[in-house]
Every structure is written in structure tokens, then in C-alpha cells.
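Worksheet: one structure, shown below.
Chains as they are written, first to last, in this note's numbering: chain R, 244 to 512; chain C, 1306 to 1502.
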């Protein structure tokens, strides 16, 4: 085909011009009348170190304060350090997104069944997070979270694979391997007890979604998570059953336990 | 509000000023955002549809585009560029992100909480839209070929030939220089011609 003919074809193709009025009015309702709008109205602006710094810079630049800037510098530095500490102590966007998803009644309802909602993957971009989660067995949900207003704005459910529980001998072996690790041993020596043992996906990052079904998510009989509790804190050990070793250990704060930490490491938080 | 079915670049200075004031109001008022939504919903949905050739996916992308726009509107800074350019850019990024995430495969979205109301409420409409879309055979054939190109060529071809955007509008949407866009268009059409062989 000649280039001119192709351009003519592109220019003259009969294009669809469609409308789904039901979606339009439904989305409008969500945007302007729903909890989303209320959450936004309640204040969705995010405090960042940059904003804090700019605010103080403007304050210092104000003519009335210029003369006092030098003497106020010490106060500024102390306040900046405190603010930075406060910011660093605040949960990361990934943790916020995971928390929003876990607490969302719509997500809980759609993930039929009981058991803890497991966060498997979190990608953050432009104030939005894509969170993949599910229970130990059953369907998976991919949720889009607006981090600023801490709201799930959309979600898609995919037919999940049923993940078999570990066999008793696998459970016992996983615990034995975890207990042999020095860090886990020290926790258990101080009175820590094994809380739960989970099988895990072999590679969530290779997951692909086609036609509403999750493919390539295979239960990894070769890997398990051993959860040990002590004084209200939970230690998680990623155990490689084939290699007979602990791959990674995380020590999340109590009530703030996210399983994806152990899949991808804290650098992704 | 002026009629926006005309090309953005044809907005008169008065129309642009009116839009600027509406955007300013929308930064504090959901109702004002609702006016922008009414003006641009159909155009963004049809842009997503022409990029994806998939009604359900286009609806999802439209939802996320407006939800993102709504949540970010307070940070939006007016630069004498029509508001539509920003919406197109968000939608475009959403389409690209979607395909990038899924390795270029199409995804059938099962449901969307963005809709809140059950999609069942308008499932008939979706089915009708899909039927209507399937009648545009030439477009679907073209789309299939275009979707095999890298995203940046898909974007410029869709904006130029499907959205009938002028180069200077594409500059505002894509944030690239005029020369770059012309060059991308030239190479995109050339690559598409090779695909059509």
C-alpha cells in the first residue's frame, strides 16, 4: 500500500462515536456526589518535605522576618529536622495504598470467603497506586487507589487460582528451617511462637491477566512464609523449602503487616 | 460554556478565558468540575475507545481519567492551554500504562468499583455499544495494525487521524516539540504502511 493511500484510508475511515449514558451518569455520581467527592472536600492535599521547605522559605523571605532570619535559623533547623523525622515516620504511599485496600468494605465483600486479605503487589505512580490482593484462596482483585484521598477508585476482579495449603510435612519443614535461622531463633528463644505458615506464589511479577483470568500464577510448593509472633509484633520469614534456607526476614510493626514486603523486599515500599 | 465540539485550538480568546475561569472554579467546586465533565466526557471516552477498540476498557480508562483529573485539579496550573489537552494527556498515559502493564495484551475488565452502581444497570448499553463498534470493520482492522506499533506512534496517529488534532494541539497534549511530533508522525505512518503490507 502506498503511503498516500494509507493516509487517505486513515483520514476517511468511518470512526466510532459512541456513548454509554449509564456509565456517564454513574461516574458523575461517584465523582460529584459520592464518598470520593466528600473525601476530596475533606482535604486531599499531601504534605511533602518540599512543600514544608517552600513554606518556610517563603516565611523567611517575608520582609518583616528578614532581619530575624539569622537568629531564627536555629529554630528553623530544629523544626526542619523534626518535620523530616515526622515525614519519614509516616507510612509510605505503598503502605497507605495497601492499608486502604485491606480496609475497603467493597474489596472485602468482593473477595468472598474469610481469612486475611493478602497484598501481593503495589505499584505507585502519580499519586495513584495499583494494588493486587486476594485471600489465601480464590479470586484476586486489582484495585486503583487514590493515595491523596485514601480511596479505592476502581477495581477489577479476576478469577484466581486455588492455592493449596502446605502439606503437614512441608509446614513442619518450613518451621524447622525458619527456626534454624539465627535471627528467627533469637525471636523464638525469647518466647516467640509460630503463628501461621503460608504457601506463596512463585512469581507474582510474572503474572499476566488475559480475559479476566490470572495466568502464570502458580503456587510455589518450594516456598513458604513462616510467621512468628512476640510481644504483639510479627516476624515473617520467607523460606525456600528446596534450598533449605531462609531467603528474607521482615519485622513489620504490629498490625501493619504486609506480605508483599517479603516478596519484593523493603526497597519497594 | 462555549461549544467544545470544535477543535480546541479554535477556541477564541474569550472562550479560553471562560474555560480558565471554569477550571478555577472547579478547583474548589465539584459542581464546576461537573460542567467540565459534561463537556469532555464523550470526547475522552471516544478517544479511549479509538485507542483500545474495546468498550469496557475504554469505560474504565475514562473513569480513571476523570477520577485522576478530579483528584489532581487543585494542583492544576493554567498555562493558556485548553483543559482538554490535560485530559487527553491523562487518558493517553492511562492507555499506554495499561498496555505496558499487561504486556500489550488486552484485558477484559470484569467490574469497576468506580461505577459503584452495578454495571448490570447499563450492561445492555455496553452490549449495544460493542455491537455498534463491531460494525466499524475498517476501523477495527486499522486499529489492529496500529496497536502493533510502539505506543508513541499509536498516540500520534490516533490524535492526528482519529481525533483530527492539529500539530499545535498535539504539542500541547503530548508536551513535545512540533518537529518531534512531525517526525513521529512521519515514522509512525511509515511503520504502519510496512505493517499493512
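All residues carry an ideal CB built from backbone N, CA and C; glycine is no exception. It should be emphasised that the depicted structure is a prediction, and the values quoted were computed from it without experimental measurement.
C-alpha gap between residue i and residue j, whole angstroms
| i | j | result |
| --- | --- | --- |
| residue 438 of chain R | residue 389 of chain R | 33 angstroms |
| residue 1354 of chain C | residue 1345 of chain C | 14 angstroms |
| residue 396 of chain R | residue 365 of chain R | 15 angstroms |
| residue 387 of chain R | residue 1498 of chain C | 37 angstroms |
| residue 1392 of chain C | residue 1502 of chain C | 35 angstroms |
| residue 473 of chain R | residue 416 of chain R | 21 angstroms |
| residue 1427 of chain C | residue 1336 of chain C | 24 angstroms |
| residue 1340 of chain C | residue 1453 of chain C | 36 angstroms |
| residue 1450 of chain C | residue 1443 of chain C | 11 angstroms |
| residue 336 of chain R | residue 347 of chain R | 16 angstroms |
| residue 477 of chain R | residue 435 of chain R | 9 angstroms |
| residue 1321 of chain C | residue 1387 of chain C | 7 angstroms |
| residue 245 of chain R | residue 1500 of chain C | 12 angstroms |
| residue 251 of chain R | residue 1376 of chain C | 40 angstroms |
| residue 267 of chain R | residue 1397 of chain C | 19 angstroms |
| residue 1326 of chain C | residue 491 of chain R | 55 angstroms |
| residue 1481 of chain C | residue 1385 of chain C | 16 angstroms |
| residue 295 of chain R | residue 1348 of chain C | With a pLDDT of only 38 at residue 295 of chain R, under the threshold of 50, the placement of this residue in the model should not be trusted; the figure read from the coordinates follows. C-alpha separation (whole angstroms): 39 angstroms. |
7 angstroms Cβ cutoff, residue i in contact with chain R
| i | result |
| --- | --- |
| residue 1456 of chain C | no |
| residue 1441 of chain C | yes |
| residue 1392 of chain C | no |
| residue 1498 of chain C | yes |
| residue 1545 of chain C | This structure cannot settle anything about residue 1545 of chain C, because the visible part of chain C is limited to 1306 through 1502. |
| residue 1475 of chain C | no |
| residue 1467 of chain C | yes |
Whether residue i touches residue j by CB criterion (7 angstroms)
| i | j | result |
| --- | --- | --- |
| residue 259 of chain R | residue 1438 of chain C | yes |
| residue 339 of chain R | residue 374 of chain R | no |
| residue 1368 of chain C | residue 270 of chain R | yes |
| residue 418 of chain R | residue 469 of chain R | yes |
| residue 1493 of chain C | residue 1462 of chain C | yes |
| residue 1483 of chain C | residue 1476 of chain C | yes |
| residue 430 of chain R | residue 392 of chain R | no |
| residue 273 of chain R | residue 1430 of chain C | no |
| residue 420 of chain R | residue 398 of chain R | no |
| residue 1466 of chain C | residue 253 of chain R | yes |
| residue 1441 of chain C | residue 257 of chain R | yes |
| residue 1457 of chain C | residue 1490 of chain C | no |
Neighbour flag for residue i against chain A, beta carbons, 7 angstroms
| i | result |
| --- | --- |
| residue 1347 of chain C | The structure shown contains no chain A; its protein chains are R and C. |
is_contact[residue i, chain C] using C-beta, thresh 7 angstroms
| i | result |
| --- | --- |
| residue 391 of chain R | yes |
| residue 345 of chain R | no |
| residue 336 of chain R | no |
| residue 354 of chain R | no |
| residue 427 of chain R | no |
| residue 265 of chain R | yes |
Cβ-based neighbour list, residue i, same chain, cut-off 8 angstroms, excluding 5 preceding and 5 following
| i | result |
| --- | --- |
| residue 1378 of chain C | 1328, 1331, 1332 and 1338 |
| residue 1486 of chain C | 1461, 1472, 1475, 1476 and 1479 |
Proximal residues to residue i (C-beta, below 7 angstroms), its chain only, five neighbours per side dropped
| i | result |
| --- | --- |
| residue 1448 of chain C | 1358 |
| residue 1435 of chain C | 1360 |
Close-in-space but distant-in-sequence residues of the same chain around residue i (CB under 6 angstroms, 5 per side omitted)
| i | result |
| --- | --- |
| residue 1459 of chain C | 1451 |
| residue 487 of chain R | 420 |
| residue 480 of chain R | 421, 427, 469, 489 and 492 |
Subject >> Within the stretch 344-384 of chain R, ranges of the beta strand (DSSP E) (whole runs, at least 3 residues) >> reply: 361-368 and 371-377
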